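Worksheet: the structure to be examined is printed underneath.
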Amino acid sequence: MAEPDRLVPRMHGFGTTVFAEMSALAVATGSVNLGQGFPDTDGPPLILDAAVEAIRSGHNQYPPGVGIPALRHAIADHQRRLYDLDLDPDGEVLVTAGATEAIAAAVTALAGNGDEVVLFEPYFDSYAATVALSGATRRSVTLERNGQHWGFDHDALRAAITPRTKVILLNTPHNPTGTVFGVEDLAVVAELAIEHDLVVVSDEVYEHLIFDERVHVPIATLPGMRERTITIGSAGKTFSVTGWKIGWACGPADLLRAVRTVKQFLTFVNGAPFQPAVAVALDQAEKLAPTAALQDQRDLFCAGLTDLGFDVVVPQATYFATVAVDGDAVDYCRELPTRAGVVAIPSSVFYDSHAGDHFVRFAFCKRPEVLRDALTRLAAVAR
Numbered sequence: 013m014a015e016p017d018r019l020v021p022r023m024h025g026f027g028t029t030v031f032a033e034m035s036a037l038a039v040a041t042g043s044v045n046l047g048q049g050f051p052d053t054d055g056p057p058l059i060l061d062a063a064v065e066a067i068r069s070g071h072n073q074y075p076p077g078v079g080i081p082a083l084r085h086a087i088a089d090h091q092r093r094l095y096d097l098d099l100d101p102d103g104e105v106l107v108t109a110g111a112t113e114a115i116a117a118a119v120t121a122l123a124g125n126g127d128e129v130v131l132f133e134p135y136f137d138s139y140a141a142t143v144a145l146s147g148a149t150r151r152s153v154t155l156e157r158n159g160q161h162w163g164f165d166h167d168a169l170r171a172a173i174t175p176r177t178k179v180i181l182l183n184t185p186h187n188p189t190g191t192v193f194g195v196e197d198l199a200v201v202a203e204l205a206i207e208h209d210l211v212v213v214s215d216e217v218y219e220h221l222i223f224d225e226r227v228h229v230p231i232a233t234l235p236g237m238r239e240r241t242i243t244i245g246s247a248g249k250t251f252s253v254t255g256w257k258i259g260w261a262c263g264p265a266d267l268l269r270a271v272r273t274v275k276q277f278l279t280f281v282n283g284a285p286f287q288p289a290v291a292v293a294l295d296q297a298e299k300l301a302p303t304a305a306l307q308d309q310r311d312l313f314c315a316g317l318t319d320l321g322f323d324v325v326v327p328q329a330t331y332f333a334t335v336a337v338d339g340d341a342v343d344y345c346r347e348l349p350t351r352a353g354v355v356a357i358p359s360s361v362f363y364d365s366h367a368g369d370h371f372v373r374f375a376f377c378k379r380p381e382v383l384r385d386a387l388t389r390l391a392a393v394a395r
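Each residue of the sequence shown is one higher than the last, beginning at 13 in the numbering used here.
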């Protein structure tokens, strides 16, 4: 007799993640793991030493539910210094267990049964699960490849919004395509959010990992958007400490109260000794972020892929490069560890449509010697 499936229907389809499957394949085959997006080096000594000092100084019990004052002030200062966004650290900044919790709390607080959330595909995999957990329905707008660029059809976004839409979930710089949304695209999102009285939840965790002197523009800085935007940030990506899970949500007090109501029943609090360490580092975020080194890693890896004959889209930001492959992306990635000793992620798992069926995502946030090893191995499957 088969075991009953006790999982609630709205979470069907969210089994073991592709990241777990591919990481297990990496271990089983001794492959170079370019699947999961985390660096293989530690963050800067300043932030690491600050965390050690915080542990030794007794910052080991529950911090305040909204985050320690020093970190909330540092986040507010960061937003003011870089983007001229004036935030009240006591009512408009909330510290979370990474960006994933911030997004989950925001979407769950603002959308529920019968509501819709519009997002752009490909999307980070937690987005779909978060919308399902909230009880809402997701509607996807596809980022289409155009040579070395990605963009969306503005009319497609307009068509995706219905009277049931509550939230637009935005991600820029974008994972997995590595594109940085320009002002023209952001203006369309803003126009529609204002017209339909929607909240924009904007995931901006890669804001400091942008290449070729491009500029990140938070959508909250556009006219009429500060009062309807929840901006999500994270120390994990900026300072290469992804395991610390220190993130934040910023926005107007009424929206943050709603997010906080949900957040307090998720983790409640987290990362007590890491919070003061992030507070110390945030005022030097532009200096401490590994942008230059990461751009070098991007250039090394993408040039190497191109030399091998791969059809690679060179990213403008983030940890990831997309490659177009022949055949189904899932099959390709399942076979790649055996064929070449390298693990990647099929981008198709980040889509609702079939638009990503032939794209594969590689993480290049690894040491140069690891990337060179991967390139040597990938020569076995080069075109």
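Ideal Cβ positions, reconstructed from N, Cα and C, are used throughout, including at glycine.
It should be emphasised that the depicted structure is a prediction, and the values quoted were computed from it without experimental measurement.
Check	Outcome
Where DSSP assigns a beta bridge to W260, which residues make up the other side?	V107 and G245
Are the CB atoms of A341 and H370 nearer to each other than 7 Å?	yes
Take A291 and list the residues in its own chain whose beta-carbon comes closer than 6 Å to its own, dropping the five residues that flank it on each side.	A82, L83 and A86
What did DSSP end up calling A148 once you bin it into helix, strand or coil?	coil
What's the C-alpha gap between E383 and T177?	Looking at the sequence shown, residue 383 is not Glu but Leu. Taking the straight line from one Cα to the other gives about 43 Å.
Determine the direct distance from the alpha carbon of Q73 to that of Y363, and round the result to whole angstroms.	41 Å
Should A36 be labelled buried (16 or more other beta-carbon atoms within 10 Å of its own) or exposed?	exposed
So, do the region 86 to 101 and the region 143 to 156 have three or more beta carbon pairs nearer to each other than 8 Å?	no
Are the Cβ atoms of G248 and W260 separated by less than 7 Å?	no
For Q307 and F223, which I take to be in contact (beta-carbon distance under 8 Å), what is that distance rounded to the nearest angstrom?	4 Å
What are the start and end residues of each continuous beta strand (DSSP E) run of 3 or more residues lying completely inside the region 165 to 216, in chain order?	177 to 183 and 211 to 215
Would DSSP call F332 helix, strand or coil?	strand
Do the CB positions of V326 and V372 come within less than 7 Å of each other?	no
How about V153 and A172: do their beta carbons lie closer than 7 Å?	yes
For R240, name the three-state secondary structure that DSSP assigns.	helix
State yes or no: is the C-beta of A121 within less than 7 Å of the C-beta of V212?	no
Pick helix, strand or coil for A375, following the three-state DSSP scheme.	strand
Which value, in whole angstroms, describes the spacing of the CA atoms of A392 and I206?	52 Å
Among G103, P134 and V179, which has the Cα closest to the Cα of E128?	V179
Since F376 and Y344 are thought to touch, with beta carbons under 8 Å apart, how far apart are those beta carbons, to the nearest angstrom?	In fact, because the Cβ distance is near 18 Å, the residues do not count as touching under 8 Å.
Run through the DSSP bridge pairs and tell me what E65 is partnered with.	E65 is not bridged to any residue.
Report the option in V44, F50 and V229 whose CA atom is closest to the CA atom of T254.	F50
How many angstroms separate the CA atom of R351 from the CA atom of F26?	28 Å
For E33, which of helix, strand or coil comes out of DSSP?	helix
With three or more beta-carbon pairs closer than 8 Å as the criterion, would you say the region 55 to 63 touches the region 185 to 201?	no
Kindly list the residues whose CB is nearer than 6 Å to the CB of A38, restricted to its own chain and excluding five residues on each side of it in sequence; keep chain order.	N45 and V355
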